[in-house]
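*Asks:*
Numbering (the numbering used here), first residue to last: 6 to 97.
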């Protein structure tokens, strides 16, 4: 993984990371610019599901995004109407 150095704006690569919880990861970064050499840590959190997994972990229960909820409602309405074939909807 990479990020942007908070000091000089160059790329910063992950040196190592550790999982704090099922949805929280702490990452340690180091700037690739040898003159800068900045090291920093960041916390990454998973906050919502955009597209549900087909092999979901039952312990991880993220709320669905509004867009995912709307897609689920559309599918349910089509199934209730007896529409067996779902049209492919591409994002614009």
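In this text, a Cβ means the ideal position worked out from N, Cα and C, and glycines have one as well.
Confirm the yes/no value for this check: CB of residue 40, any heavy atom of the ligand GDP, distance under 8 Å.
*Replies:* The ligand GDP is absent from the structure shown, which contains no ligand whatsoever.
*Asks:* Sort 43, 84 and 66 by Cα distance to residue 56 and report the nearest one.
*Replies:* Here the question's residue 56 lines up with position 51 in the chain shown. Checking every option, the nearest Cα to that of residue 56 belongs to 66.
*Asks:* Flag this pair as touching only if the region 31-40 and the region 10-22 have three or more C-beta atom pairs under 8 Å; answer yes or no.
*Replies:* In short, these stretches touch, since the Cβ pair count reaches three.
*Asks:* Using the three-state DSSP reduction, which class does residue 22 fall into: helix, strand or coil?
*Replies:* As a working note, residue 22 is residue 17 in the chain shown. Three-state DSSP puts residue 22 in a strand.
*Asks:* Would you mind reading off the limits of the beta strand (DSSP E) that contains residue 47?
*Replies:* Locating residue 47 in the chain shown gives position 42, where the first residue counts as 1. Per DSSP, residue 47 belongs to the beta strand (DSSP E) from 44-50.
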